[in-house]
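Have a look at the structure below, then the notes.
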Amino acid sequence: MAARIIIGLAITLICGYIAGRRFWWLSRLIRSGQPAPRRNNGFAGTAEAEVIEVAGQRKLLRWSVPGTAHFFTMWGFAILLLTIIEAYGALFSRDFHIPLIGTNSVVAFLEDFFSVAVLVSLAVFTLIRIRQAPARKERASRFYGSHTDAAWLTLALIALVIITLLLYRGAQIVTGHFPFQHVFSNSAAEVGGFSGASVTPWAFASRVVADWLHPLGYGVNSVLEAVFLLGNIAVIMGFLVFVSYSKHLHIFMAPVNVAFSRRPRALGGLDKTPDMDMEHVTEDTVFGAGTIKDFTWKQMLDFATCTECGRCQSVCPAWNTGKPLSPKILIMSLRENMFASADYLLTGEGEAQRLVPTVIDPDVLWSCTTCGSCVEQCPVDIEHVDAIIDMRRYEVLMESRFPTEAGLLLRNMENQGDPWGLGSSRRTEWLGALDFEVPVVDGAIPEDVEYLYWVGCAGALDERGRKQIESTARMLHRAGVSFAILGPQESCSGDPARRMGNEYLFQEMAKANIATLDAVGARKIVASCPHCFNTIKNEYPALGGNYEVIHHAELLQHLVASGRLIPGINYTGTVTYHDPCYLGRHNRVFDEPRGVLAAVPGLTQVEMHRHRERGFCCGAGGARMWMEENIGKRVNLERTEEALGTGADVISTACPFCMIMLDDAVKASGREDVAVLDISQVVERSL
Ligand code: SF4
Ligand code: SF4
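The working numbering numbers the first residue of the sequence shown as 391 and each following residue consecutively.
Below you can see the structure in the form of structure tokens.
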């Protein structure tokens, strides 16, 4: 007994020291990051996040087979913590059981069930890995670029934990020291150990192992009991050390990262609104992230938590169209740089590498459309988009480095208030196509006007955007909704500047818009552009602009549902709806546009394979609309091919940028028979 106590404790102390040192080093590294805003979710918020994301494995279960296998493995780890307590107790007393619950047959069942479930899950993981092995080297695999070699060792170590546990429990049954033995008999010890009838049948797996070991006799099993007990402890402690140095660190990091995640999701508005007041700027001020030390501790926690699962990579429109950007590889690169910069981060000695172009290639940085698919899919709540925008901010504001063609966009926004540089005087031209009056606000919004209609630059100035706006205005008018527009007083919401990294220009434009909106007394705003909708709704509040903002899809759905707008019956056709990223994924408006289409009698809706949360970007977000797309396939072509594959004769959407991108791609595909229409245009066609 003394020997096993000494060996068991020695293994624990040595491994515990190595792993503990590593965890302490990691925690110092992460805490060296900059302050992170809005990270206290409160008790209820944190508990909800842990229950849904960690215990419920919400995102992982979307990927049915590997998700289910991971669910059982994760829960196996949780339940088998009980067996670790039992193992340490047994070091000191062979008859140890956990007080109160330690002889309960339900506990016996759970421990055995999850032991078997983990083994089955490991077999599933192994089969998946073997089947996918050749493909993993292909770019199409979500594991492309991951450190997959260590994964075999991980699977082997987890299997060894379970195998030594079951062997130990089997030997315990034979020797009569199984904690659950006396459930049916008080005389287990007196029979010299093994009595199948004396062991709860709920410990079904341990009993099978006991049957195998029984012929070896009591003496051999006494030795085996000690060997497998120590083996179990050694493997667990070895695994702990291995985990602390590998990507499997997520076992411990994921619950922490989820606890500090942005609830309900890290989409919609950007995380940070930096102080751009030039009076507060000193020579030490850094805008954005130029080196690893400029990231917040939460971002560093993100980097350390990545499991390299590649779910983000597999849904990224940039990666899927041959661009060099993989959100997974981006996070892995930042993590490697964080580890490599440890001395600098912890002592301030030496120098940190410039992130762009040394760690992150400019083509990687500028390929992002900020579609949010990566954030949506990441099972451990990593916030890729904010990290990308932080690096863009540094590039634009500190280095004045960005794609040349985007310079024109910024100049136009700065000088003319819109990305095309057409000027405010042309913002009311579209009204000429209407046969009714729309008040253009000059002074306060009239009392009898319910909504301020935020038209957006594309709606006011682009030919195709105007068609959408005109239709929406006609539908609102038909339904008796009173609305007015700002006309020449409206300017770009600032979204393209912000997503490009020009926070200064964004805040200048946002503050000017807020001043205008406040001056006219705006309260309820309906926006047609999801980018304006998202920015005014989610980002203006941080700058003092607080309004009730809805998108026209939401308003039209309400009008249709309440009978104020009745679609006609003259529609026959098949429509597939494309989810704009900033309406759908970023703001969860999925049902409303579909509800509007569903209200049109005779219309058949078909879904693309990638829809709702998994909707594929059109390629315009993140100011990509105004940048060249010279690498790989065009994102809008990829999306349009998917839409055309449904056989629909109308591709419908609810965003002027999506309309332009999809329409361009439909024309490039030579499919003149397919129309790209806003949902309001579809309703109007039915009338
Ligand atoms: S936001 Fe979209 S484009 Fe950018 S990295 Fe994530 S998935 Fe890729
Ligand atoms: S960032 Fe998230 S989704 Fe992407 S590989 Fe890492 S853990 Fe997986």
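Ideal Cβ positions, reconstructed from N, Cα and C, are used throughout, including at glycine. Just so it is clear, the structure is predicted and the values come from calculations on it, not from any experiment.
_Under 8 Å between C-beta atoms of residue 1067 and residue 1040_ = The residue given as residue 1067 occupies position 677 in the sequence shown. The residue given as residue 1040 occupies position 650 in the sequence shown. Yes. Within cutoff.
_At a threshold of 7 Å, does residue 769 count as lining ligand 2 (C-beta to nearest heavy atom)?_
Your numbering for residue 769 matches position 379 in the sequence shown. Indeed, a heavy atom of ligand 2 lies less than 7 Å from the Cβ.
_Top-ranked residue by Cα proximity to residue 1058, from 729, 682, 1029, 896_ = Taking the sequence shown and counting its residues from 1, the one referred to as residue 1058 is at position 668. Checked all of 729, 682, 1029, 896; the closest Cα to residue 1058 is 1029.
*asked:* If you follow the alpha helix (DSSP H) that residue 852 is in, where does it begin and where does it stop?
replied: Within the sequence shown, numbered from 1, the residue matching residue 852 stands at position 462. Careful: residue 852 lies outside any alpha helix (DSSP H) and carries neither H nor E.
_Candidates 537, 854, 910, of which the one nearest residue 830 by Cα_ = As a position in the sequence shown, residue 830 is number 440, starting the count at 1. Among 537, 854, 910, the Cα nearest to that of residue 830 is on 910.
*Pairwise C-alpha distance: residue 1065 and residue 815*: Stepping through the sequence shown from its first residue, residue 815 is reached at position 425. Stepping through the sequence shown from its first residue, residue 1065 is reached at position 675. Taking the straight line from one Cα to the other gives about 30 Å.
_Contact test: residue 1023 Cβ vs ligand 2 heavy atom, cutoff 7 Å_ = Taking the first residue of the sequence shown as position 1, residue 1023 is located at position 633. No, since every heavy atom of ligand 2 falls outside the 7 Å radius drawn around the Cβ of residue 1023.
*Could you give the distance in angstroms between the alpha-carbon of residue 884 and the alpha-carbon of residue 1072?*
As a position in the sequence shown, residue 884 is number 494, starting the count at 1. As a position in the sequence shown, residue 1072 is number 682, starting the count at 1. Looking at the two C-alpha atoms, the distance is approximately 29 Å.
_residue 580, DSSP secondary structure in three states_ = Position 190 of the sequence shown holds residue 580. Low confidence applies here, because residue 580 scores a pLDDT of 42, under 50, leaving its location unreliable and the question unanswered by this model.
*Taking residue 753 as the reference, which of 1047, 629, 794, 400 has the closest Cα?*
Stepping through the sequence shown from its first residue, residue 753 is reached at position 363. Per the Cα distances, 794.
*Are the beta-carbon atoms belonging to residue 423 and residue 781 less than 8 Å from one another?*
As a working note, residue 423 is residue 33 in the sequence shown. As a working note, residue 781 is residue 391 in the sequence shown. It is not a contact, given that the beta carbons lie outside the stated cut-off.
*asked:* Classify residue 710: buried if its beta carbon has 16 or more other beta carbons within 10 angstroms, exposed otherwise.
replied: One-based indexing of the sequence shown puts residue 710 at position 320. Counting Cβ neighbours within 10 Å, residue 710 comes out buried, since at least 16 surround it.
*Would you mind listing the beta strand (DSSP E) stretches within the stretch 1025-1070 that are 3+ residues and don't spill past its ends, in chain order?*
1040-1043, 1065-1068
*ligand 1 heavy atoms versus the CB of residue 763: any closer than 7 Å?*
Mapped onto the sequence shown, residue 763 falls at position 373. Yes - ligand 1 has a heavy atom lying nearer than 7 Å to the Cβ of residue 763.
*residue 717 Cβ short of 7 Å to ligand 2 heavy atom set*: Residue mapping note: residue 717 aligns to position 327 of the sequence shown, counting from 1. Correct: residue 717 has its Cβ closer than 7 Å to ligand 2.
*asked:* Can you give me the C-alpha to C-alpha distance between residue 531 and residue 765, rounded to a whole angstrom?
replied: Taking the sequence shown and counting its residues from 1, the one referred to as residue 531 is at position 141. Taking the sequence shown and counting its residues from 1, the one referred to as residue 765 is at position 375. Whole-angstrom Cα-Cα distance: 19 Å.
*Are the beta-carbon atoms belonging to residue 820 and residue 859 less than 8 Å from one another?*
Translated into the one-based positions of the sequence shown, residue 820 becomes position 430. Translated into the one-based positions of the sequence shown, residue 859 becomes position 469. Yes, the Cβ-Cβ distance between residue 820 and residue 859 is below 8 Å.
*residue 865 and residue 955 look like a contact to me (Cβ under 8 Å); what is the Cβ gap, rounded to whole Å?*
Against the sequence shown, residue 865 aligns to sequence position 475. Against the sequence shown, residue 955 aligns to sequence position 565. Yes, they are in contact, since the Cβ atoms of residue 865 and residue 955 sit about 6 Å apart, within 8 Å.
*Just confirm the distance between the C-beta atoms of residue 682 and residue 735, as a whole number of angstroms; I'd bet it's less than 8 Å.*
As a working mapping, residue 682 is identified with position 292 in the sequence shown. As a working mapping, residue 735 is identified with position 345 in the sequence shown. With 8 Å as the limit, residue 682 and residue 735 qualify as a contact, their Cβ atoms being about 7 Å apart.
_Pairwise C-alpha distance: residue 392 and residue 599_ = Within the sequence shown, the letter at position 209 stands for residue 599. Within the sequence shown, the letter at position 2 stands for residue 392. If you take the alpha carbons of residue 599 and residue 392, they lie about 27 Å apart.
_Short of 7 Å in beta carbon distance, which residues of its chain neighbour residue 631, apart from the five on each side in sequence? Order them along the chain._
Counting from 1 along the sequence shown, the entry for residue 631 is found at position 241. Same-chain partners within the cutoff: 405, 408, 409.
*Secondary structure of residue 1090, DSSP reduced to three states*: A query on residue 1090 cannot be resolved here, the shown segment of the chain reaching from 391 to 1077 and no further.
_Cα-Cα separation between residue 1080 and residue 609, rounded to whole angstroms_ = What the structure shows of the chain is the stretch from 391 to 1077, and residue 1080 is not part of that stretch, so it cannot be assessed.
*Using three-state DSSP, classify residue 963 as helix, strand or coil.*
Residue 963 sits at position 573 when you count from the first residue of the sequence shown. Three-state result, residue 963: strand.
_Quick check on residue 524: buried or exposed, where buried means 16 or more other Cβ atoms within 10 Å of its Cβ?_
Here residue 524 is taken as the residue at index 134 of the sequence shown, counted from 1. Classification of residue 524: exposed, given that the 10 Å Cβ count is below 16.
_Using C-beta distances below 7 Å, list every residue in its chain close to residue 418, excluding the 5 sequence neighbours before and after it, in chain order._
The sequence position of residue 418 within the sequence shown is 28, counting from 1. Hits under 7 Å: 736.
*Distance between residue 971 and residue 1010 (C-alpha atoms, nearest Å)*: In the sequence shown, residue 1010 corresponds to position 620, counting from 1. In the sequence shown, residue 971 corresponds to position 581, counting from 1. Using only the alpha carbons, I get a separation of about 10 Å.
*Please work out which residues of its chain come closer than 6 Å, Cβ to Cβ, to residue 867, disregarding the five sequence neighbours upstream and downstream, and give them in chain order.*
On the sequence shown, position 477 is the one that residue 867 refers to. Cβ neighbours of residue 867 beyond the five flanking positions: 826.
*Is it right to say residue 1031 is buried, meaning 16 or more other beta carbons lie within 10 angstroms of its own, or is it exposed?*
As a first step, residue 1031 is located in the sequence shown; it is residue number 641 there, counting from the start. Result: exposed.
*Can you tell me the Cα-Cα spacing of residue 935 and residue 914, whole angstroms?*
Translated into positions along the sequence shown, residue 935 becomes position 545. Translated into positions along the sequence shown, residue 914 becomes position 524. So the two alpha carbons sit approximately 12 Å from each other.
_Less than 6 Å between C-beta atoms, sequence neighbours within five positions excluded: which residues of the same chain meet that for residue 985?_
Position 595 of the sequence shown, counted from the first residue, corresponds to residue 985. Within the same chain, residue 985 has close Cβ partners 947.
*Through-space distance from residue 759 to residue 658, alpha-carbon basis*: Here residue 658 refers to the residue found at position 268 of the sequence shown. Here residue 759 refers to the residue found at position 369 of the sequence shown. Roughly 14 Å separates the two Cα atoms.
*Mind pulling the beta strand (DSSP E) runs of 3 or more residues that sit fully within the stretch 769-845?*
841-844
*Does DSSP put residue 685 in a helix, a strand or coil?*
For the purposes of this step, residue 685 is taken as the residue at position 295 of the sequence shown. Looking at residue 685 - three-state DSSP - the assignment turns out to be coil, as it is neither helix nor strand.
*Grab the span of the alpha helix (DSSP H) containing residue 648 for me, first residue to last.*
For the purposes of this step, residue 648 is identified with residue 258 of the sequence shown, where counting begins at 1. Residues 640-649.
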